[in-house]
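Trainee: Chains as they are written, first to last, in the working numbering: chain A, 235 to 557; chain B, 235 to 557; chain C, 235 to 557; chain D, 235 to 557; chain E, 235 to 557. Every residue gets a Cβ at the ideal spot worked out from N, C-alpha and C, and that includes glycine. Remember, it's a predicted structure, so these values are computed and weren't measured experimentally.
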Amino acid sequence: MIKTVCLDRTTKEFTENFPIADISEERLNDKNVFWADVSDPTSQDFLLLAEEFNFHPLSIEDCRHAHQRPKVEEYQGYYFMVLYEAELAGPTDHLELRELNIFLGSNYLVTVHSRPIRAVDTAGRLWKEWLDRADHGAGMIAYLLIDAIVDDYMPLLDILSERMDDLEDKIFGDFQPETIQEIFRVKKQLLYLRRSITPLRDVFNTMLRREQPIFARETHVYFQDVFDHIIRVADTIDTLRDMLSSTMEAYLSVSGNRMNMVMKRLTSVATILMSVTLIAGIYGMNFEFMPELRWKYGYIFALSSIVAVGFGIYFYLRKVKWL
Amino acid sequence: MIKTVCLDRTTKEFTENFPIADISEERLNDKNVFWADVSDPTSQDFLLLAEEFNFHPLSIEDCRHAHQRPKVEEYQGYYFMVLYEAELAGPTDHLELRELNIFLGSNYLVTVHSRPIRAVDTAGRLWKEWLDRADHGAGMIAYLLIDAIVDDYMPLLDILSERMDDLEDKIFGDFQPETIQEIFRVKKQLLYLRRSITPLRDVFNTMLRREQPIFARETHVYFQDVFDHIIRVADTIDTLRDMLSSTMEAYLSVSGNRMNMVMKRLTSVATILMSVTLIAGIYGMNFEFMPELRWKYGYIFALSSIVAVGFGIYFYLRKVKWL
Amino acid sequence: MIKTVCLDRTTKEFTENFPIADISEERLNDKNVFWADVSDPTSQDFLLLAEEFNFHPLSIEDCRHAHQRPKVEEYQGYYFMVLYEAELAGPTDHLELRELNIFLGSNYLVTVHSRPIRAVDTAGRLWKEWLDRADHGAGMIAYLLIDAIVDDYMPLLDILSERMDDLEDKIFGDFQPETIQEIFRVKKQLLYLRRSITPLRDVFNTMLRREQPIFARETHVYFQDVFDHIIRVADTIDTLRDMLSSTMEAYLSVSGNRMNMVMKRLTSVATILMSVTLIAGIYGMNFEFMPELRWKYGYIFALSSIVAVGFGIYFYLRKVKWL
Amino acid sequence: MIKTVCLDRTTKEFTENFPIADISEERLNDKNVFWADVSDPTSQDFLLLAEEFNFHPLSIEDCRHAHQRPKVEEYQGYYFMVLYEAELAGPTDHLELRELNIFLGSNYLVTVHSRPIRAVDTAGRLWKEWLDRADHGAGMIAYLLIDAIVDDYMPLLDILSERMDDLEDKIFGDFQPETIQEIFRVKKQLLYLRRSITPLRDVFNTMLRREQPIFARETHVYFQDVFDHIIRVADTIDTLRDMLSSTMEAYLSVSGNRMNMVMKRLTSVATILMSVTLIAGIYGMNFEFMPELRWKYGYIFALSSIVAVGFGIYFYLRKVKWL
Amino acid sequence: MIKTVCLDRTTKEFTENFPIADISEERLNDKNVFWADVSDPTSQDFLLLAEEFNFHPLSIEDCRHAHQRPKVEEYQGYYFMVLYEAELAGPTDHLELRELNIFLGSNYLVTVHSRPIRAVDTAGRLWKEWLDRADHGAGMIAYLLIDAIVDDYMPLLDILSERMDDLEDKIFGDFQPETIQEIFRVKKQLLYLRRSITPLRDVFNTMLRREQPIFARETHVYFQDVFDHIIRVADTIDTLRDMLSSTMEAYLSVSGNRMNMVMKRLTSVATILMSVTLIAGIYGMNFEFMPELRWKYGYIFALSSIVAVGFGIYFYLRKVKWL
């Protein structure tokens, strides 16, 4: 489904549901700014886009096949971008990455996505609110869109960061075997998040350092801002990854330490019980001449020996911190 | 065996089985495009190639000796490329890398390979189908060929990715000793895949950033596309490698955890059995004055003690989560 | 609260509590140098700043939202910087990072912070003391401010370094389970410190290598000095991180070694006690014809055997270093 | 011992054992190409070289002191190179690295080495065989020499690769404690090989990218080829190193797994034997009223219980895969 | 204490103990070369230096505060360098790093150090010996000084390398718990050595690649030589670090292996002793009808069973390599 909005820059009037067939003509008039949002595109829609905007077959192809890597590519007269909106969705907090394809021309923007993208709504709303800002061309909509997507990563990372704090507490506190699986899951989510944001860092860096800036000086500063946010997100992801592997290492150490404790306890228990069993064994021998056996308090003596030896070893091991 | 096809660019007619001996002459005519596919080459074939296309002895040498690294080298008047087609073959899903040597001149393409290459067939078919596309010179065939090879890596990586998901499930679920060996095998396959694709990334990057693009502007965008696919493949390999080492780490943790469990169980079992054996040992002593021995229900009492102590320790250990 | 100081460069006189409303006018006069220190800023204050200094909305926005990454951004006519002052605060030596935003224009400096920053006081004091130094413009105040912040990292790193020496001693000496948690805590603090200083390294590097230096030649050498200190801090952090992971590794080795010792001891104890229990068990057998049982010194003989075998094994294990 | 060969490029005649004293004069004549091979050099020889070829004292110094790092240095009028020929020598396959120093001038080549270098013989032979090749100047001899050295690394790496396959099989198969030591040894050999080849990669890269190529266009392509071989060797070493650390990791996992098995077995054995011993212990108690003791088949019953309990536990543990 | 030597380049005469107060004048005369060596400097000395040589306050500051990072900084008219001389000192082979500050002007050199530096003596001696060498200006002294410092790293690394070989032997041979601590100590020393040499690598690299070389062509080649030595030292340190972490890994493997051995032995011992104890236990049962108890050779039979079962299990475990 294609939804097109046209802004007349001189009158500052919006035309909702602009007829698509007129775009190829009207987009030549620089006073117009178009935004065509294509959700859940059909083959028909792709043909229409290729025709009206004259897009290169390769960029249409990339659009058609999902799971592209995040990128910005320059084609004759327009940019083709692939971005991913991230969300922790569902009851199990599954990480959902939703692909958004953007065609950015001098005075038009085409967004293509098969699943609903929150940032499209946000950018649509802000576009109208920011009408009084310096520039309200296609570059500005792109900025609003990308900024909305990138900014959504931060609260998500905050959630992961809190979860990691919990995991860390669990590791030093009452450890559950599921904790490792949970650490592993967060690690994978960070890996996916990183993969969907870091390629943008290099691309934006190159884009902003070009001799002739692509956008007007005024819009340029906004893209610099987006770039800064991307770096911040990428840095935070790296920090979280670092901390996660620290957590993993800490787990290994704590686990080794616990094993040591268990072993010491085993050794202690074995030492105590085997020692006293030995006493019982000795008095279980069948020698004819064993004077103690005939003593009146022999049995009491034996039981006392057992208790005494048991506690003696117990307190000794306590002292050397094995128990 | 050399199979040569010649395309007359003006008439758009293909001549199959073009006589090789005529190439040295006809290739000077720019309207012709040649594709010579040399499969399972003999020394004779190499001599012929060197003669007809005037290839440098060093590139012929590289062609002759298998196991070159993937590369693109510039010689006077042509490029020499080495690529690897990847496939999981055989019943054991053995990774097979098949070398393809490409000589790319302005209007000819020579492909040399000792084993059959699927991409050669794919590119041959598409060359004819795409005749109406902008450019159908040697650069375009090279694009079709390289694209077919690079695109074949993705489904292969998908298979490895699924296998890794299985391995991961096994690690957290019912672990088999063979799992490590399987992880190790996937790791090695990723290593080989990486080795056969990443060198291309740098080479293509350099090639595409040259001041004077090697290919016509129109073909250039296609090579940009191949470059993008190469990066995507390389990125995916790196992600899979990252995930594999996470899996490995997770295994170590899970393994440490399991060991802890086993040790705790050992300690528990030893504690219970040794304790009750002690009771039996005590009543096995031969003292003359052991009143219990003469009790009517002494035996029942002893057995009950054994059961009581056994269960007492058992429930205690249960409570502290050692059992 | 905004506190503004104005320095008249010709008369070298300071005007404390300069009225803010006059800044927009007076700052056009190059002989004046302004420093406006905004602590715990209100929305009102931000509006005032935007108005008087004509700051770009994006930099005001960054200022408003805490937890920016350390950075230096160039805007039309001024630089916007984010720095972090570090301190080990409170009874538990919690690492506190306090954000400082700096707007640096040709002849004015605006500092914005929500918590008190020691470096602001230090720089304020030095500004007056250094009046006789070559340049006393806004760049110089910025230098004093950044230098004060960066230099404060060194004593903090010295504290962490000493703590690490303690941890190391503990690992090779009398190990406590809390040591791992402590190592982990220092590691996290280093991670945060690193994150708040290393981005500055790259930024300053770029700034200082510009063809046209931003600051006068004379101030330039001071910024070179700050850069050198930043590198030193970053290098020290990296070294400490390296040493911490060495410590961690050493812990794992020592821990493995200790486990080996415990296991050897367990094996030794089990061997000795089980062997002598066997002797007791043999003489506890009820055979009618066991000559020893009737010997006069049979019991003494059995006890002596137990002692002899026990010590025999003990000394043997001692010799092979298992005990 | 100095052995000098002179080639007259016009007549293509070789003069063996050219008198050294004449070199300083004759080398000014561009039609002559000299190759002086100095084996096991004396102080006398160094003086002679410095005199006849006018070498800088620093390069003579480097030549005199062994164990230089592999490098290419530019001096006034000549290049000074240090390379290492590698061989697995002796009965224990000890890695031997033999240093070769090369002075490469426009029309002369001086090779200095204290141990015999196979590549010197190979290059000497090929120089004469390749006389009909385009260029047969000093650059060409250098190419033949370096190529012979670099190419010798490949079979050596193949040997190490096979050895690693063996080690891997051993790790998953019947492990011997010596395997670790062997892994460690291969690792060290790879480290030394890497150290003797990777510095050349960067140096050749710089050399080949110079604006004005050092060698004639025709020789240039040969050095490109050597560079390609160096990269291939370096890549292979890196791959082997990667695989070796995988092997190491696999060993740790397998070892952890084996430990788990041993522990489970210990627990199982202890459980079974302690349980049945308990039964024997119970019937060893001396109670007067133990009805079983008087049963006719009491003994058989007890033995049967022992066997039944033993096998019961055994089969249970079998079922849960502990045995 | 300041010790100044002045060389008259024309007469090649040295004036020892040149009066410092005259330097500010005489150093304007290019025929003079000064070397002022300031050992254990006082505040007075710093004032004098600042005055006579007109050094920037920042470089004086750096000089005053110890523990700078190794660096080369360019100031108006001179270079300021910080280097570290390394030595294994004292009975415990403690690594001692002694700071040396160098001010290098066109015709003067000032060295500042608080502890005696051997390289200062070496360079002083060589300066006089090398008078006949091409250039004997300040750059040459700097070369001699830096070269003496850098060259001193090599024998030190040789000592560490030998120590590492010992450690390695110990790990595979008769391991002592102190070995880990020793490994850890060498690791730390390498970390400090690396930190005091690697920053110089980058600085020298930049310095030597400058468009306009700082030093005369003739001196340049000497600095190239120093740079080469720095790289060699840095490379060797990296190799040693690599080997040390290999050693560490080897230790972990060997340690895991030893644990496995201990555990197997424990299991074996427990199995044997528990099995034979069971036999004794069975014949200790008090059943009335146990025919064996009445056999004449029952006891002998029981003892034989014990020995037979014990050796049976022993030989079985031997066969499966558990003992």
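1. Output, in sequence order along the chain, the residues in the segment 492-503 of chain D whose CB is closer than 7 Å to any CB in chain B.
2. So, helix, strand or coil for Trp269 of chain E, using DSSP?
3. Between the C-alpha atoms of Ile547 of chain C and Lys555 of chain A, what's the straight-line distance to the nearest angstrom?
4. For Tyr531 of chain E, count neighbouring C-beta atoms within 10 Å of its own C-beta (all shown protein chains included) and say buried if the count is 16 or more, exposed if not.
5. Which whole-angstrom value describes the C-beta separation of Val272 of chain C and Leu283 of chain C, a residue pair presumed to lie in contact below a C-beta threshold of 8 Å?
6. Closer than 7 Å, Cβ to Cβ, to anything on chain A: give me those residues from the segment 390-418 of chain C, in chain order.
7. Give me the DSSP bridge partner(s) of Ile236 of chain C.
8. Just reading off the beta strand (DSSP E) that Ile336 of chain A is part of, what are its end residues?
9. What residues in its chain sit with their C-beta under 8 Å from that of Leu557 of chain E, if we drop five residues either side in the sequence?
10. Does DSSP put Leu262 of chain C in a helix, in a strand, or in coil?
11. Using a beta-carbon distance cut-off of less than 8 Å, what residues from the segment 272-294 of chain E approach chain C?
12. Contact between the segment 477-497 of chain B and the segment 506-526 of chain B is defined here as three or more beta-carbon pairs at a separation below 8 Å; is this criterion met?
13. Please look up how many angstroms separate the CB atoms of Glu319 of chain E and Ile383 of chain E, rounded, as I've assumed it's under 8 Å.
14. Let me know the secondary structure DSSP gives Thr244 of chain C once reduced to three states.
15. Looking at C-alpha atoms only, which residue of E:Asp469, E:Asp408 and E:Arg419 is the closest neighbour of Thr432 of chain E?
16. Residues of the segment 520-531 of chain D in Cβ contact with chain B at a cutoff of 7 Å, in chain order, please.
17. Using 8 Å as the cut-off, can you tell me whether the segment 300-307 of chain D makes contact with the segment 315-334 of chain D, which would need three or more C-beta pairs spanning the two stretches below that distance?
18. Is Ile414 of chain E near the ligand SAM, with its Cβ less than 7 Å from a heavy atom?
19. Compute the beta-carbon to beta-carbon distance between Ser430 of chain C and Leu331 of chain C, rounded to the nearest angstrom, for a pair I have assumed lies under 8 Å.
20. Are the CB atoms of Phe438 of chain A and Phe461 of chain A nearer to each other than 8 Å?
21. Please compile the residues from chain E whose C-beta is within a distance smaller than 8 Å of the C-beta of Gly515 of chain C.
22. Alpha carbons only, please: which of D:Val420, D:Ala372 and D:Arg349 is nearest the one belonging to Ala357 of chain D?
23. Which of the three DSSP states is assigned to Phe252 of chain C in this structure?
24. Which partner residues does Thr481 of chain A have in the DSSP bridge list?
25. Measuring alpha carbon to alpha carbon, tell me which of E:Arg444, E:Ala270 and E:Arg443 ends up nearest Val354 of chain E.
26. When the Cα atoms are used, what is the spatial distance from Ile294 of chain E to Leu474 of chain B?
27. Between B:Arg352, B:Tyr377 and B:Leu424, which has its C-alpha nearest Arg397 of chain B's C-alpha?
28. Could you give the distance in angstroms between the alpha-carbon of Asn494 of chain C and the alpha-carbon of Leu401 of chain D?
29. Looking at C-alpha atoms only, which residue of A:Leu434, A:Ile380, A:Gln415 and A:Val467 is the closest neighbour of Met388 of chain A?
30. Any beta carbon from chain B within less than 8 Å of Gly373 of chain D's own beta carbon?
31. Would you verify that the beta carbon of Ala353 of chain A is, or is not, closer than 8 Å to some beta carbon of chain C?
32. Going along the chain, which unbroken runs of the alpha helix (DSSP H) with 4 or more residues stay wholly within the segment 355-411 of chain E?
33. Would you call Asp381 of chain D buried or exposed, if buried means 16 or more other Cβ atoms sit within 10 Å of its Cβ?
34. Could you spell out where the beta strand (DSSP E) holding Val316 of chain C opens and where it closes?
35. For Val554 of chain E, name the three-state secondary structure that DSSP assigns.
36. By DSSP, does Tyr299 of chain B sit in helix, in strand, or in coil?
Mentor: Reading it off the structure:
1. If the cut-off is 7 Å between Cβ atoms, the segment 492-503 of chain D has Met493, Asn494, Met497, Lys498, Leu500 and Thr501 near chain B.
2. As a first step, residue 269 of chain E is located in the fifth sequence; it is residue number 35 there, counting from the start. DSSP places Trp269 of chain E in the strand class (E or B) of the three-state scheme.
3. Taking the first residue of the third sequence as position 1, residue 547 of chain C is located at position 313. Taking the first residue of the first sequence as position 1, residue 555 of chain A is located at position 321. The alpha-carbon atoms of Ile547 of chain C and Lys555 of chain A are separated by roughly 25 Å.
4. The sequence position of residue 531 of chain E within the fifth sequence is 297, counting from 1. Taking every protein chain shown into account, the CB of Tyr531 of chain E has fewer than 16 other CB atoms within 10 angstroms, so this residue is exposed.
5. Here residue 272 of chain C refers to the residue found at position 38 when the third sequence is read from its first residue. Here residue 283 of chain C refers to the residue found at position 49 when the third sequence is read from its first residue. Taking a contact as a CB-CB distance under 8 Å, the pair Val272 of chain C and Leu283 of chain C counts as one, their CB atoms being some 7 Å apart.
6. Answer set for the segment 390-418 of chain C: Pro411, Ile414, Gln415 and Phe418.
7. As a working note, residue 236 of chain C is residue 2 in the third sequence. The partner list for Ile236 of chain C (beta bridge, DSSP) reads C:Val272.
8. Working through the first sequence from its first residue, we reach residue 336 of chain A at position 102. First-last of the beta strand (DSSP E) with Ile336 of chain A: His328 to Gly339.
9. Locating residue 557 of chain E in the fifth sequence gives position 323, where the first residue counts as 1. Around Leu557 of chain E: Lys498, Arg499, Ser502, Tyr548 and Leu551.
10. Mapped onto the third sequence, residue 262 of chain C falls at position 28. Coil.
11. Answer set for the segment 272-294 of chain E: His290 and Leu292.
12. The answer is no - the segment 506-526 of chain B does not touch the segment 477-497 of chain B, with fewer than three Cβ pairs under 8 Å.
13. Start at 1 with the first residue of the fifth sequence, and residue 319 of chain E comes out as number 85. Start at 1 with the first residue of the fifth sequence, and residue 383 of chain E comes out as number 149. 5 Å between Cβ atoms; contact.
14. Here residue 244 of chain C refers to the residue found at position 10 when the third sequence is read from its first residue. Of the three classes helix, strand and coil, the one that applies to Thr244 of chain C here is coil, per DSSP.
15. For the purposes of this step, residue 432 of chain E is taken as residue 198 along the fifth sequence, with counting starting at 1. Relative to the Cα of Thr432 of chain E, the nearest Cα in the group E:Asp469, E:Asp408 and E:Arg419 belongs to E:Asp469.
16. From the segment 520-531 of chain D, only Asn520, Phe521, Glu522, Phe523 and Met524 have a Cβ closer than 7 Å to chain B.
17. Flag = yes, the segment 300-307 of chain D and the segment 315-334 of chain D touch.
18. Inclusion of the ligand SAM in the displayed structure is not the case, the ligand content being empty and no account of it being possible.
19. Within the third sequence, the letter at position 196 stands for residue 430 of chain C. Within the third sequence, the letter at position 97 stands for residue 331 of chain C. Going by Cβ atoms, the distance from Ser430 of chain C to Leu331 of chain C rounds to 6 Å, so yes, they are a contact pair.
20. The residue you call residue 438 of chain A lines up with position 204 of the first sequence. The residue you call residue 461 of chain A lines up with position 227 of the first sequence. Yes, Cβ-Cβ distance for Phe438 of chain A and Phe461 of chain A is below 8 Å.
21. Numbered from 1 along the third sequence, position 281 holds the residue referred to as residue 515 of chain C. For a Cβ distance threshold of 8 Å, residue set Thr511, Ala514, Gly515 and Gly518 of chain E lies close to Gly515 of chain C, ordered along the chain.
22. Within the fourth sequence, residue 357 of chain D is the residue found at index 123, counting from 1. Among D:Val420, D:Ala372 and D:Arg349, the Cα nearest to that of Ala357 of chain D is on D:Ala372.
23. Your numbering for residue 252 of chain C matches position 18 in the third sequence. Reduced to three states, the DSSP call for Phe252 of chain C is coil.
24. As a first step, residue 481 of chain A is located in the first sequence; it is residue number 247 there, counting from the start. In DSSP, Thr481 of chain A forms no bridge with anything.
25. To locate residue 354 of chain E, count along the fifth sequence from 1; it is residue 120. Across the set E:Arg444, E:Ala270 and E:Arg443, the C-alpha of E:Ala270 shows the shortest separation from the C-alpha of Val354 of chain E.
26. Taking the first residue of the fifth sequence as 1, we reach residue 294 of chain E at position 60. Taking the first residue of the second sequence as 1, we reach residue 474 of chain B at position 240. Going by the C-alpha atoms only, they are around 54 Å apart.
27. Reading the second sequence from its first residue, position 163 is the one you call residue 397 of chain B. Comparing Cα-Cα distances from Arg397 of chain B to each of B:Arg352, B:Tyr377 and B:Leu424, the minimum goes to B:Leu424.
28. Residue 494 of chain C sits at position 260 when you count from the first residue of the third sequence. Residue 401 of chain D sits at position 167 when you count from the first residue of the fourth sequence. If you take the alpha carbons of Asn494 of chain C and Leu401 of chain D, they lie about 26 Å apart.
29. In the first sequence, the residue the question calls residue 388 of chain A occupies position 154. Looking at the Cα atoms, A:Val467 is the closest of the given residues.
30. Mapped onto the fourth sequence, residue 373 of chain D falls at position 139. Not one chain B Cβ lies under 8 Å of Gly373 of chain D.
31. Translated into the one-based positions of the first sequence, residue 353 of chain A becomes position 119. Contacts with chain C at 8 Å (Cβ-Cβ) do not include Ala353 of chain A.
32. The segment 355-411 of chain E contains these whole alpha helix (DSSP H) runs: 372-385 and 387-406.
33. In the fourth sequence, counting from the first residue as 1, residue 381 of chain D sits at position 147. By the 10 Å Cβ count, Asp381 of chain D comes out buried.
34. Taking the third sequence and counting its residues from 1, the one referred to as residue 316 of chain C is at position 82. For Val316 of chain C, the enclosing beta strand (DSSP E) stretches over residues Tyr312 to Ala323.
35. To locate residue 554 of chain E, count along the fifth sequence from 1; it is residue 320. Val554 of chain E: coil per DSSP, three-state reduction.
36. Residue numbering aside, residue 299 of chain B sits at position 65 when the second sequence is read from its first letter. One detail in the question is off: residue 299 of chain B reads as His in this sequence, not Tyr. His299 of chain B sits in coil when the DSSP states are folded into three classes, being neither helix nor strand.
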